[in-house]
Every structure is written in C-alpha cells, then in structure tokens.
Amino acid sequence: MPTADLPTDRIRQWIDERERQLQALVGGAQPRESAGPEVTDLKDGAADEAEAEVDDAELALHLAELRQIERARERLAAGDYGQCSDCGEAIAPARLLAQPTATRCTACQSAAEQHAR
Ligand SMILES: [Zn+2]
Numbered sequence: 052m053p054t055a056d057l058p059t060d061r062i063r064q065w066i067d068e069r070e071r072q073l074q075a076l077v078g079g080a081q082p083r084e085s086a087g088p089e090v091t092d093l094k095d096g097a098a099d100e101a102e103a104e105v106d107d108a109e110l111a112l113h114l115a116e117l118r119q120i121e122r123a124r125e126r127l128a129a130g131d132y133g134q135c136s137d138c139g140e141a142i143a144p145a146r147l148l149a150q151p152t153a154t155r156c157t158a159c160q161s162a163a164e165q166h167a168r
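Under our numbering, the residue at position 34 of the sequence shown is numbered 85, and the numbers go up by one with no gaps.
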C-alpha cells in the first residue's frame, strides 16, 4: 500500500521541473570514461580555465541528483515511493516535500550520516 496521502502530483511536477533544470546545467554531459582536458584548441586560451562550463565536482553532484530523481520516479511508478529504504516506515510527507528524492526517514538518514562520517 502506498503510504499516507502524499501529494504525488506535486512531487511528480517537482521531479520533472528539477530534472529539466539539472539537464540544462549538465548540458547533456556524460561522465567521461577517460578523464583529462583535451581542449587545447581554443581561440586564444583566455576563456579556458576561468570559464569551464561546469566544474567537475559540481557536474558530478548534478549527475548524482539526476540519478536520484530517476530512482524517485521509479518508486513513484512502482508505488513504493515514500517508504524508508532502511526501516520501511513511511517517510514524513513534509520531509518528502522538502526533499522529494529522500529515500530514508529522518531517523535513518541521520543514523546513516553519522555512520558516513
Ligand atoms: Zn527509516
């Protein structure tokens, strides 16, 4: 059973919107297999480093968020959206509205964060 009365329409809208923003930010970039800047044939070299489109760390964050969005969408489709991936309890709707890609309830998330550090 889907948990609580989640405003899934709003969440779907948020997800679509956020995905568009992120795709605009990454500009269709894909994680590259082989790293290494090969852009040596810029016009005068002045615009290279300073204006790198998106820096790599930021790009990685955007791509990670896109994957989270994809998973959130799959959970919405499967009907198990809003369930904590750790304890299986319902995630508070307020938390999901604040962070629609959340996969853990507040308690499990803070436990996981403590483990992670
Ligand atoms: Zn939990």
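All C-beta atoms in this analysis are idealised placements derived from N, C-alpha and C, irrespective of residue type, glycine included.
Listed in chain order, the beta strand (DSSP E) elements of length 3 or more contained wholly in the stretch 105 to 148 amount to none. In the three-state DSSP reduction, Leu57 falls in the coil class, being neither helix nor strand. Taking the Cβ of Asp67 as the reference point, every heavy atom of ligand 1 lies at 7 Å or farther away.
Close to ligand 1, as judged by a C-beta nearer than 6 Å to any of its heavy atoms, are the residues Cys135, Asp137, Cys138, Glu140, Arg155, Cys156, Ala158 and Cys159, in chain order. Contact check for Ile120 and Glu70: beta-carbon distance about 5 Å, within the 8 Å limit, so the pair qualifies. In the structure shown, the three-state DSSP call for Gln150 is coil. The beta-carbon distance between Ala123 and Pro151, rounded to whole angstroms, is 6 Å. This is short enough to meet the 8 Å contact definition. Pairing His113 with Leu76 gives a Cβ-Cβ distance under 8 Å. In the three-state reduction of the DSSP assignment, Arg69 falls in the helix class.
When DSSP states are grouped into helix, strand and coil, Cys156 belongs to the coil group.
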